Each structure stands twice: as structure tokens, then as C-alpha cells.
Amino acid sequence: MSDRNEERPLDRQARDHERSLRLLVEGVTDYAIYMLDTNGVVSNWNAGAQRAKGYRAAEIVGKHFACFYEPADRDRGLPQHGLETARRTGRFEAEGWRVRKDGRRFWAHVVIQPIYDDAGVLFGFAKITRDCSEQRKISLALEETTRNLDLALDNMSHGLCLFNRRGRLVLANRQFSRILSLPDDALFKGIRLGALLRRIGERAGMAQEQTAAWVRTVRTQLVHRFEADQQQAAIEVACLGRSISVVTRLLSHGGWVSTIEDMTERRIAEERITYLAHHDHLTELPNRLRFQERLSELAANASAERPFALLFLDLDRFKSVNDTLGHHVGDELLKAVARRLRGIVRASDQLARLSGDEFAILQVPFRSVNDAAELAQRCIEKLSEPFEIASNEISVGASVGIVIHARAGIDAGTVLQRADLALYAAKRDGRNCFRLYESGMNNPIRLRNELEDDLRRALRANQLELHYQPIVDAHSGFTTACEALLRWHHPKRGPISPAEFIPVAEERGLMPELGAWVLEKACRDAVLWPSHIRLSVNVSPAQLIHADFTQIVAKALKKAALAAHRLEIEITETVLLESSGTSSRILNEIRAMGVGVAMDDFGKGYSSLGLLQSVPFTRVKIDRGFVNGLGNNPKSAAIIHAITELCRSLDLPITAEGVETGHQRQALLDERCHELQGFFFARPAPAMALERYLNA
Numbered sequence: 001m002s003d004r005n006e007e008r009p010l011d012r013q014a015r016d017h018e019r020s021l022r023l024l025v026e027g028v029t030d031y032a033i034y035m036l037d038t039n040g041v042v043s044n045w046n047a048g049a050q051r052a053k054g055y056r057a058a059e060i061v062g063k064h065f066a067c068f069y070e071p072a073d074r075d076r077g078l079p080q081h082g083l084e085t086a087r088r089t090g091r092f093e094a095e096g097w098r099v100r101k102d103g104r105r106f107w108a109h110v111v112i113q114p115i116y117d118d119a120g121v122l123f124g125f126a127k128i129t130r131d132c133s134e135q136r137k138i139s140l141a142l143e144e145t146t147r148n149l150d151l152a153l154d155n156m157s158h159g160l161c162l163f164n165r166r167g168r169l170v171l172a173n174r175q176f177s178r179i180l181s182l183p184d185d186a187l188f189k190g191i192r193l194g195a196l197l198r199r200i201g202e203r204a205g206m207a208q209e210q211t212a213a214w215v216r217t218v219r220t221q222l223v224h225r226f227e228a229d230q231q232q233a234a235i236e237v238a239c240l241g242r243s244i245s246v247v248t249r250l251l252s253h254g255g256w257v258s259t260i261e262d263m264t265e266r267r268i269a270e271e272r273i274t275y276l277a278h279h280d281h282l283t284e285l286p287n288r289l290r291f292q293e294r295l296s297e298l299a300a301n302a303s304a305e306r307p308f309a310l311l312f313l314d315l316d317r318f319k320s321v322n323d324t325l326g327h328h329v330g331d332e333l334l335k336a337v338a339r340r341l342r343g344i345v346r347a348s349d350q351l352a353r354l355s356g357d358e359f360a361i362l363q364v365p366f367r368s369v370n371d372a373a374e375l376a377q378r379c380i381e382k383l384s385e386p387f388e389i390a391s392n393e394i395s396v397g398a399s400v401g402i403v404i405h406a407r408a409g410i411d412a413g414t415v416l417q418r419a420d421l422a423l424y425a426a427k428r429d430g431r432n433c434f435r436l437y438e439s440g441m442n443n444p445i446r447l448r449n450e451l452e453d454d455l456r457r458a459l460r461a462n463q464l465e466l467h468y469q470p471i472v473d474a475h476s477g478f479t480t481a482c483e484a485l486l487r488w489h490h491p492k493r494g495p496i497s498p499a500e501f502i503p504v505a506e507e508r509g510l511m512p513e514l515g516a517w518v519l520e521k522a523c524r525d526a527v528l529w530p531s532h533i534r535l536s537v538n539v540s541p542a543q544l545i546h547a548d549f550t551q552i553v554a555k556a557l558k559k560a561a562l563a564a565h566r567l568e569i570e571i572t573e574t575v576l577l578e579s580s581g582t583s584s585r586i587l588n589e590i591r592a593m594g595v596g597v598a599m600d601d602f603g604k605g606y607s608s609l610g611l612l613q614s615v616p617f618t619r620v621k622i623d624r625g626f627v628n629g630l631g632n633n634p635k636s637a638a639i640i641h642a643i644t645e646l647c648r649s650l651d652l653p654i655t656a657e658g659v660e661t662g663h664q665r666q667a668l669l670d671e672r673c674h675e676l677q678g679f680f681f682a683r684p685a686p687a688m689a690l691e692r693y694l695n696a
């Protein structure tokens, strides 16, 4: 009797304990909490569990909690594993798919804890289940975003690094290490900027003192940039034998992000093209642009104390060399002339090739007229000696015009014009001599007036004609376009070179009328060609700035019924510079019509690179002078390579002019030029003589 009386308080205590737990569980509604007996059978069920799993208490109490698991998980013994783990370790925690009453799955975070009575005897488990489906969805999306960002970062062409406000590295992509040639262990999270810069310096083989100085320089450059611009700083540093651009942007939290780019190849290409812009590709002498820059400086500062002499040289009988022996021999002759002239001038003088067979010497410092005359005479005597070119003995001569300039107020153009007048006097007086400029020299002006009158008559009398030179596909050799070239056969003087009458037409305002005639005639001829063949027409500054130029082009196309996409106008850098801001608007109007725009003689001018960005070009034509140097001037090949790489990066088709040999053709093919033009394929011919090229 006494034993039974002792058991009742214990039973009552257990029941009270169980009831307290049940009340606690049922009172929680935010989480799915329910009790399991020692075998895993559900013994109570709260409102949170009903909401999460869809079962009412009457439906689930008394059933094994394994019913919440997917069949595959039950087969793997996961429910029992959870209970055993909780019993053994005091807690089981896991995430996984669970099943609601209606069969829908949800991602659950599960905690199972054993429950002991006061005597330490296990009498069940408490199971807490939380629906984490939305959190899992967000987490997976974040993981995918992170993977995509990592993929994007590691496939950027630029290197990228992120530093926190304490100047420690947070992340860097693969390209960052590759550009800086850093091993994997040199770049780790938390490294300071200074330590990273020192590692780069060490990698570049710098001595310790040199590395320290380089680190200070880079830091100083960044600080100075940020003082001027609180948001972004851009610098270019030299290390590892390369030029590396660094753009750094400050972040709102105090850190910064930097992108780096290896600019070495671009800088080399730009330096080559800049050199090309100031030097003649054939002779490697300073070209007209560089000469005019220097002449302008001297003219602006000229005085009795700072005089200078300008010698303007023109070869005699050079044209006959080109006509009889070919341009390649003529080019070799020009190079030989340049070498002889280099041996005559002083280091302080500037020798330049202006164009064709024209050279100029700026004699600085200038001491006396006799010095200038002696220099001119030495040039004449040296150039009168025979040249041995390609097994040919060639004799030419030189005429020289001299102008002495010793006062301010006269611009470079006037100085050059006076030298031209003196040169004309030397040629008029029998060639192979020099003449000093005198104020009465005006014969060239009279001749220009006569040429203007004759040109006006030629326009009215239809004495002008067009010849066309085929442009071929570099690979197939099939004709893809023809360039229109103006020809004038004077009734008394015979053929007159465009180089002689075009400047007169431009100077005397004839170019709009002459250009309109060329456009209309060329379009009438081209409409008779196969529809895939383009027409290429050169345009002068006077045409481009004409108020009605767009209408003139549209009218020519309409009258000939020629599709706009078959017409391509060619313009040089000079045309664009002389037509100022007007050209951009007009060229955009032309492009809107469907007409192509080609940049002719690419690389000869200083502004070629910038113009490629600001003008809507559809094609680039490499100047014939570069092509002539292939095979005998390694720098010509390097320059052409730089130009073709630049054009390919801008997705601009490339046409090479002046192809005269098979070697040149192959070299341009190797550089992946799209089209070729020159005597190797066809000489300019009248429209009626083109048939065999148009159908080939």
C-alpha cells in the first residue's frame, strides 16, 4: 500500500511535466513545434505545425514523424538517424526537403532535441521545423549571382581589384594577376596596397631603393589625381617593361576599386602612327606637316637677330624616271637623293621631303646669303652626279629656290610661297641652278591665271574626261570597286596633271562646279557596271564645305538612278581639317543617305587617329607610300601592321593603294587587307576599256 502511495506523486509529476510541455508547444504559433515519443510518434501538435504542414492535430497525432520525409529520405533512414543523433549528442540539426499534406515540398530547417524527466529518463523529443523555402531561394539566387560575377570578373579584358577603407585587398580577378605577371601566392585577401606595389616592383626586377621610389611615385600620382577629382583618378605607370593604365574610383564606404589595362601594344601603335604623321614613310625624313610646324615657329620668331634661310629643291627630269623605269625605281631614287642631302646639311638644319620630288631645307642658324647660296650649290652638284638604281645609271638634277627671312609679321605660308616663286625662276632659267627670291617674281601667278581660264573653257567644252582604276578583292582578285580619276588633255599643252590643275581649281573657286561634273559623270558611268561594283570618288575641301554638297550628291545619284550604297566618297585628313566643323555634319548627312565614306591616304596626317573616332568612316585606304616601302623598308611593314591592327579593332575595312608587285600583294594579304589597288592589277583606263575588269 505504501509503495502505491509513493508512485502516485511521481506519476502525477510526470503528467504535470508532460502537460506543461504540451501547453508550451501549443502556445507557440510562429514555428512548427511538436512532440515525439521515444519511438518518433507524434504526441502533440501546435498551430504553427498545422499551418506549416497542413495537418490538423487529429490527423497527425499518433503517426510516425517519418511521414513528413520524402520516400527516398525515408529509405535512407534519415528520420531514425535524426532521433539517434539527438539522443546521442543532445541535438540534431539539418536542412532538407519536407512534404506537406497536399504533397507540396518545402525546404525546412529542422531541430530535434531530446526531453528528459527530472530523473533523467528520456520520455520524448521536441521537434522544431521552420519553412526556409524563401530564404533558400534568395540564397541560391545570391550564389548564382556571385558565380556569374566571378565568371564575369575572370573573363574581363581589364584587371580589377577592390580595396577596403583600410587599404587592404578585398578581391582581384585573374586578369589583374596576369597583366602584372604576379604568381598566385603574391595576391591574397588582406594584402596592403604598399606591399602589393612592392611585390610588383620586385617582380619587375627593381632594386630595393628603386622599388621604394616607384611605390612613392605611384602613391603620389594617385593622391594628386584625387585632390583634383574626388571621385576618379587615372594614371599610367611603367613597370615590367610595359605601359599600364590604372583607373581608380573612390567608393562611398571609403574603399576604392581600380581597373588596369595593358596599354603597351596600343602605345607602340600610336607612337608608330605619330612618328608616321611627322615623317615621310619612304625617305624617313620629316614630312610636310613637321616642316610646316618648324617653319611656323621660325617665321613667328624671325628678326634681324634670328634670321633663317629656306631652300626649296625640286628634282629635274624625275617624272621621266617614273614614266620609263616605274615607280619602284623612282622611289629608290628618292631615297638615294635623301641620303645625299643628309650628307650635305648640318645637324642644326632641318631637311624635309614635302611631296613627290620636292625637298626643303631650313638653314638654322643662318649667317649670310653666301652660306645659303653655297649650300644650294652643293646640293645641285651632289644631285647632278649619276645614281645607280636597280642596275640603271640615272642622271637627274635639281633646281633650288632660296628665300631669306629676317623679320616678323610674315606667316609661314607666305615664306613658302616666296621660295616657290624663286624655284620657278630657277626652272625657267634652265634648271640645275638656284635663284634667290626677289619681290618682282610673279610669273607663276600669271600662269595660274591662264590655267584657270583654260580650265573654265575645258569645263564648258567638255574637254575633261574620267578614267577609272579597278579596286580588287585581296583574296579572289575580282573587281569590287573603281576609283574615278580626273584627266585633262589640253588642246595645246597636251596632258595636264591633276596635281597641277586641281590646286588652281581649288584656289579659284572652281571645285564645286568641277566636283559636281565629276560626280554626275561618274554616276552615269557606274550605273552601267554590275550592281556589286562600287564607285569611289575623291572630294576636295571646297566641295565638302559647299552648302549644297549633300544635295549635289543626291542629285547625281538620282539623275543616274544609281543606288546610294554603290557610291563611296574619298576624303583626306586635309579635307577634314580645312572644312572645319562643317564636315562632320555633312558627312553624317551623306552617311544617312547610304553613301560610304573612305579615309584616303591614311596615316599621312597628324590627326588621323582622332578623325577615326569623330567621323563616320566606312573604309580606310592605306597611302601608297607605305606600300611602296614593302620589301625594302622594314619600318614600312611595321607601320602597315600597326594601321591594319588599329582598323581591325575599329571594324573598318582596309584598302591598300599603290600595289605594283606580287611581293607587295602577298605582304598585304598576310596583313589581312580586304581590298587592293594599283598597277599590279590594272592601270586607270576610260570607262569603255573597263569591261574585262568588271566581268572578272
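Each residue of the sequence shown is one higher than the one before, counting from 1 in full-length UniProt numbering.
Every residue, glycine too, gets a C-beta built ideally from N, C-alpha and C.
Predicted, not measured: the structure shown is a model, and the values here were computed from it.
Element boundaries [alpha helix (DSSP H), containing residue i]
i              : result
histidine 641  : 634-649
tryptophan 529 : Segment: none, tryptophan 529 is in no alpha helix (DSSP H) and carries neither H nor E.
glutamine 463  : Neither: glutamine 463 is in no alpha helix (DSSP H) and is coded neither H nor E.
tyrosine 275   : 264-278
cysteine 379   : 369-384
isoleucine 502 : 498-507
histidine 81   : 78-89
leucine 362    : Unbroken run through leucine 362 is the beta strand (DSSP E), 358-363; no alpha helix (DSSP H).
proline 541    : 541-544
alanine 560    : 549-560
arginine 692   : 691-694
Short Cβ contact (7 Å threshold) for residue i with residue j
i              : j                 : result
glutamine 113  : arginine 87       : no
arginine 267   : serine 243        : yes
residue 739    : glutamate 589     : Not covered by the structure: residue 739. The range shown for the chain is 1 to 696.
alanine 360    : phenylalanine 318 : no
alanine 299    : aspartate 525     : no
alanine 642    : arginine 272      : yes
glutamate 93   : valine 121        : no
glutamine 677  : isoleucine 533    : no
glycine 401    : alanine 419       : yes
alanine 352    : leucine 276       : no
leucine 436    : valine 504        : no
proline 512    : glutamine 543     : yes
leucine 282    : aspartate 331     : yes
valine 218     : leucine 196       : no
glutamate 657  : threonine 480     : no
serine 348     : valine 369        : no
isoleucine 569 : valine 527        : no
glutamate 573  : serine 540        : no
leucine 149    : asparagine 173    : no
glutamine 664  : valine 627        : yes
isoleucine 389 : valine 329        : yes
isoleucine 640 : glutamate 671     : yes
glutamate 270  : serine 245        : no
Limits of the unbroken beta strand (DSSP E) element including residue i
i              : result
valine 597     : 596-602
residue 708    : The structure shown has nothing for residue 708, since the chain only spans 1 to 696.
leucine 354    : 350-355
arginine 431   : Per DSSP, arginine 431 belongs to no beta strand (DSSP E) and is neither H nor E.
asparagine 628 : From DSSP, asparagine 628 is part of no beta strand (DSSP E) but of the alpha helix (DSSP H) over 624-628.
alanine 481    : 479-490
glutamate 570  : 567-571
Contact belief for residue i with residue j at Cβ below 8 Å, rounded distance in angstroms
i             : j              : result
leucine 668   : alanine 474    : 7 Å
aspartate 316 : valine 396     : 6 Å
leucine 485   : proline 684    : 5 Å
leucine 423   : tryptophan 517 : About 32 Å; that fails the 8 Å criterion.
arginine 288  : leucine 354    : 5 Å
alanine 398   : asparagine 432 : 7 Å
Next item on the list: Quick one: which unbroken alpha helix (DSSP H) runs of 4-plus residues sit fully inside the stretch 297-330? Chain order, please.
Entry: Fully enclosed alpha helix (DSSP H) runs of 4 or longer: 318-325.
Notebook entry, point to check: Hey, is the stretch 119-139 in contact with the stretch 154-174, meaning 3+ C-beta pairs nearer than 8 Å?
Noted result: The answer is no - the stretch 154-174 does not touch the stretch 119-139, with fewer than three Cβ pairs under 8 Å.
Notebook entry, point to check: Are the stretch 65-78 and the stretch 90-104 touching by the rule of at least three beta carbon pairs closer than 8 Å?
Noted result: Taking a contact to require three or more Cβ pairs closer than 8 Å, the stretch 65-78 and the stretch 90-104 qualify as touching.
Checklist line | Any 3 or more C-beta pairs closer than 8 Å across the stretch 379-390 and the stretch 327-343 | finding: Segments in contact, yes.
Next item on the list: Write down every uninterrupted run of the alpha helix (DSSP H) in the stretch 26-74 whose length is 4 residues or greater and which is fully enclosed by it, in chain order.
Entry: Listed in chain order, the complete alpha helix (DSSP H) runs (minimum 4 residues) inside the stretch 26-74 are 47-53, 57-60.
Check: Does the stretch 248-257 touch the stretch 159-179, meaning 3 or more C-beta pairs lie closer than 8 Å?
Finding: Yes, the stretch 159-179 is in contact with the stretch 248-257.
Check: What are the complete alpha helix (DSSP H) segments, minimum 4 residues, inside the stretch 401-429?
Finding: For the stretch 401-429, whole alpha helix (DSSP H) runs of length 4 or above, ordered along the chain, are 412-428.
Checklist line | Continuous beta strand (DSSP E) assignments of at least 3 residues falling wholly in the UniProt domain "PAC" (92-144) | finding: You should have 92-99, 105-116, 122-131.
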